[in-house]
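K.L.:
Pasting a structure below so you can have a look.
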Amino acid sequence: MTPTHELLAILIPAALMLTLGYFLTCVIWPFKPCRHCSGTGKRHARIVTAFRLCTRCHGTGRRIRLGRHAYNRTSHHRRRTQNRR
């Protein structure tokens with residue numbers, strides 16, 4: 101085997117394991133903490149020391165993961181096209 105083939109023999113299974121791991125993460129934990137409010141659901145007002153609900157997560161403190169969002173869109177599209185038949 102050449103060094104290129106040896107490298108590919110390592111990289112391809114590693115990429116598959118990472119993809120499978122991210123898929124399982126999206127299935128088990130579909131939400132992640134909101135980066136804008138650090139998962140609290142509240143933001144400080146600009147002038148006063150009062151709190152307001154986070155506008156990005158709507159006060160929940162959680163945002164849907166990118167992979168789960170893509171899965172939801174794909175499955176919704178598939179269900180919608182199957183119902184048209």
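Residue 101 is where the sequence shown starts when you use the working numbering, and the numbers rise one by one after that.
Where is the CB? At the ideal position from N, CA and C, for every residue including glycine.
As the structure is a computational prediction, the values presented were derived from the model and not from experiment.
Here's the rule: buried if 16 or more other CB atoms are within 10 angstroms of the residue's CB, otherwise exposed. What is R163?
P.N.:
Buried, because 16 or more other Cβ atoms sit within 10 Å of the Cβ of R163.
K.L.:
Kindly indicate which residue of R135, Y171, R165 and P103 has the alpha-carbon position closest to the one of T155.
P.N.:
Residue R135 is the option with its Cα nearest to T155.
K.L.:
Please identify the residue among H105, G167, K132 and S175 whose C-alpha is closest to the C-alpha of L118.
P.N.:
For L118, the nearest C-alpha among the options comes from G167.
K.L.:
Can you list, in chain order, the residues of its chain with a C-beta nearer than 6 Å to that of C137? Leave out the 5 residues immediately preceding and following it.
P.N.:
For C137, where only same-chain residues beyond five positions count, the Cβ hits under 6 Å are R143 and C154.
K.L.:
Quick one: grab the DSSP three-state call for I147.
P.N.:
In the structure shown, I147 sits in coil (DSSP, three-state: anything other than H, G, I, E or B).
K.L.:
What whole-angstrom Cβ distance do F131 and R165 have, given they're in contact under 8 Å?
P.N.:
So it is a contact: roughly 7 Å between Cβ atoms.
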